[in-house]
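Notes follow once the structure below has been shown.
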Ligand code: SF4
Ligand code: SF4
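Residue numbers (the numbering used here): 2 to 214.
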């Protein structure tokens, strides 16, 4: 899932301060926590109140679509709802926001979320934790299934750095040391010899860009 947090209301009010008719577009896709119609309606109520405190009256429409990162869906489902809309606040991750901005260049599209990482729930209903940084050259076969880029604070490919204490990262004692986790996994699998393999620097050409589907 793609993990996001909502931007502060004041930042959102600044985005839309010069417009009156705003569409808040939710996304029912992979954004977590959920950012669908209910969240769009809640946000519209909060912004309406925030607007009144600034002596500004907004008129909000709310909607949601299955995936804001899908050009076809956005073009067919969102376009008809843009009549009279001066600006869009998107509750999707950064990919959805960019899709809307590209498809509707004549309307300002603002992100209502900060997009953080691709993650998983540690336990049901518990904290979301980064698990993959989309590096384009997956190393999990060499690291016991633990991502060194997402789980090591320095993103080291040939860890550990030597600063770990009691299994925690030297840069953030709240975080487990990613390379200790890798060591423990490889030990369980009887594959500690993999730690002796040198992993060359990342090829940053493989990050992002385009792939055929
Ligand atoms: S090694 Fe790269 S692709 Fe594999 S989990 Fe980590 S960031 Fe994602
Ligand atoms: S202590 Fe562990 S997680 Fe932190 S930077 Fe060093 S190797 Fe990476």
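C-beta atoms are modelled at their ideal positions from N, C-alpha and C, and glycine is treated no differently. Keep in mind it's a predicted model, so treat the numbers as computed, not measured.
Where does residue 99 fall in DSSP's three states?
helix
Let me make sure I understand the geometry here. Which of 64, 4, 40 and 23 has the alpha-carbon closest to that of residue 87?
23
Output yes or no for whether 8 angstroms exceeds the beta carbon distance between residue 89 and residue 66.
no
Note the first and the last residue of the continuous alpha helix (DSSP H) segment covering residue 40.
38-54
Can you confirm whether the region 13-33 touches the region 47-59 when touching is taken to mean that 3 or more C-beta pairs between the two stretches lie within less than 8 angstroms?
yes
Taking the Cβ atom as the reference point for each residue, do residue 206 and residue 129 lie within a distance shorter than 8 angstroms?
no
With DSSP as the reference, label residue 152 as helix, strand or coil.
helix
Could you have a look at residue 60 and say whether DSSP puts it in helix, strand or coil?
strand
Contact check, residue 42 vs residue 63, beta carbons under 8 angstroms
yes
Can you tell me which of 190, 199 and 175 puts its alpha carbon nearest to the alpha carbon of residue 161?
199
In chain order, what residues of the same chain lie with their CB nearer than 8 angstroms to the CB of residue 208, ignoring the 5 residues before and after it?
135, 136 and 137
Please work out which residues of its chain come closer than 7 angstroms, Cβ to Cβ, to residue 110, disregarding the five sequence neighbours upstream and downstream, and give them in chain order.
89, 91, 98, 101 and 102
Do you know how far the Cα of residue 4 is from the Cα of residue 121?
9 angstroms
So who's on the other strand from residue 206, going by DSSP bridges?
Note: residue 206 sits in no beta bridge, so no partner.
Could you have a look at residue 91 and say whether DSSP puts it in helix, strand or coil?
strand
Go through its chain and collect everything with a Cβ distance to residue 6's Cβ below 8 angstroms, but skip five positions before and after it.
114, 115 and 117
Spatial neighbours of residue 144 within its chain, please: C-beta separation below 8 angstroms, excluding the five flanking residues on both sides.
183, 186, 187 and 195
How should residue 112 be labelled, buried or exposed, when 16 other C-beta atoms within 10 angstroms of its C-beta is the threshold for buried?
buried
Assuming residue 169 and residue 177 form a contact by the criterion Cβ under 8 angstroms, report the distance between their Cβ atoms to the nearest whole angstrom.
6 angstroms
Measure the alpha-carbon distance for residue 78 versus residue 50 and round it to whole angstroms.
28 angstroms
From 171, 139 and 149, residue whose alpha carbon lies closest to that of residue 131
149
Can you have a look at residue 85 and say buried or exposed, based on whether 16 or more other CB atoms are within 10 angstroms of its CB?
exposed
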